[in-house]
Every structure is written in C-alpha cells, then in structure tokens.
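For the sequence shown, position 192 (counting from the first letter as 1) is numbered 192 according to UniProt numbering, and the numbering increases by one without interruption.
Here the structure is laid out as structure tokens; the discussion comes afterwards.
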Amino acid sequence: MPDPNPSALAFLETRRSRPAKTLAGPFPARDEVRRLLTVAARAPDHGKLEPWRFLVLEAPALARLAGTLAEKGAELGIEPEKIDKARAEMGGAGLAVVVVASPKPSDKIPGIEQTLSAGAVCMNLLSAALAAGWGANWLSGWASHDADWRERQLGLMPHEWIAGIVHLGTETSPPPDRPRPDVDALTEWIEA
C-alpha cells in the first residue's frame, strides 16, 4: 500500500511559475540558494554522471550580461523589440541560477538521458523554490542558445549549453492561472 503525501501532491497539482518580471527583493540568501540547489541535484541521473552544474548570477552579474545583449542581438539579427525585452528581463533581475548542461563522455549513458537529467534539475529547482515560498520562473532566451555568447560571457565549455535560467525572488503580483493541458486528449492506454 502506498504511503501518500497529500500536501506534496496538492502543491504539485497547483504549482505555477511566476513571471520573472514580477519578481523583486528580497531574494534568497546564499544558504537558501544552496538548499534549493541541493534539492535540484536530487534529479534522476542515470549513471551518477552529474551532467550539469550551476552558475548563480547576482544582480551585478545580471546587469553586466544585460549590457552585452544589444551588440550580440544585432550580430545575430535579432529584432530590436526582442533585444530590448531580453535586456530588461536580465538587467531587471536580482538573482538567477543558470543550469548548465555539461554532458559527460559515456559508453553506457546516452546523451539524451543526460539532457533529460539537466531538464529534471531545472524542474526540481523551480519546484523547490516555489515550495520554499519564493517566486520562480524557468527561462532561457535567444542569447542562451548562442555558443559564442555562452562561452565568452559565462565561461561555458564548447560542449556545454544552458538547460535553463531559473529566476528567483519575491513575487509582487500573482498571475492568473493559465489553461492547462487536456490530459485525456494526450493519453493513450495500451492494455495488451
């Protein structure tokens, strides 16, 4: 017989991200962030490869990074409105954790499993932050998909990429819930 945890299930049933633009201070302290990262690292990790790592970006680092986006966006041909949005999003943030996918060479563990592990770390971090009472949002954005920007601005190695940027802070205005998927329309039961 299962040993249910109704409060955890209720939390997951109603979990929702908070838009990054609605997050303000106070922000989690380093010991609180360390706890959230410890929870995040409990993600499935076939082979115990730890194919991910964390970069914690505080406000000055986020402002510095935001300052690099106009030139990089122009170089990539990004629309000016998208550049401005990315600059405001990153430059206005106070704390974010970059989950870096860092695949490890392995004859036994396929790359896709390592990628999924990095995604699970992002989801664990997001859920842990929300469960701890913080506002949180998992984002990425066009700059995070550019290898040159990742390597120059964040020091990522050529084989690494950004699985997600999880913004953390205090929620200032709760968003309305959004429509959720119709699980029945997405589910097929196979009996034999």
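Even glycine gets a Cβ: it sits at the ideal position worked out from N, Cα and C.
Bridge-paired residues (DSSP) for residue i
{"i": "W138", "result": "V166"}
{"i": "L49", "result": "The partner list for L49 (beta bridge, DSSP) is empty, contrary to what the question assumes."}
{"i": "A24", "result": "T170"}
Segment limits, beta strand (DSSP E) that includes residue i
{"i": "F11", "result": "Segment 6-14 is the alpha helix (DSSP H) holding F11; no beta strand (DSSP E) there."}
{"i": "W52", "result": "52-58"}
{"i": "A29", "result": "No beta strand (DSSP E) contains A29, which DSSP labels as neither H nor E."}
{"i": "A96", "result": "95-101"}
Straight-line gap, residue i to residue j (C-alpha atoms, nearest Å)
{"i": "D146", "j": "L62", "result": "17 Å"}
{"i": "D182", "j": "L55", "result": "36 Å"}
{"i": "T68", "j": "P6", "result": "46 Å"}
{"i": "A88", "j": "W149", "result": "18 Å"}
{"i": "S117", "j": "D45", "result": "6 Å"}
{"i": "S106", "j": "A74", "result": "38 Å"}
{"i": "R64", "j": "G91", "result": "8 Å"}
{"i": "W134", "j": "A192", "result": "45 Å"}
{"i": "G141", "j": "V98", "result": "12 Å"}
{"i": "G77", "j": "R152", "result": "19 Å"}
Span of the alpha helix (DSSP H) around residue i
{"i": "A131", "result": "111-131"}
{"i": "I83", "result": "80-91"}
{"i": "D148", "result": "147-154"}
{"i": "A70", "result": "69-76"}
Local conformation of residue i per DSSP, three classes
{"i": "W189", "result": "coil"}
{"i": "A63", "result": "helix"}
Min CB distance residue i to chain D below 8 Å
{"i": "P26", "result": "Of the chains in the structure shown, none is chain D; there is only one protein chain."}
- Kindly confirm or deny that the segment 159-178 and the segment 26-42 touch, where touching means at least three C-beta pairs closer than 8 Å. Below 8 Å, enough C-beta pairs join the segment 159-178 and the segment 26-42 to call them touching: three or more.
Requested in this report: Inspect the CB distances between the segment 121-134 and the segment 70-85 and report whether three or more fall short of 8 Å.
Outcome: Touching, no, given that fewer than three Cβ pairs across the two stretches are closer than 8 Å.
Segment contact, 8 Å Cβ cut-off, at least three pairs: the segment 9-16 with the segment 124-137:
Judged by Cβ distances under 8 Å, the segment 9-16 makes contact with the segment 124-137, as three or more pairs qualify.
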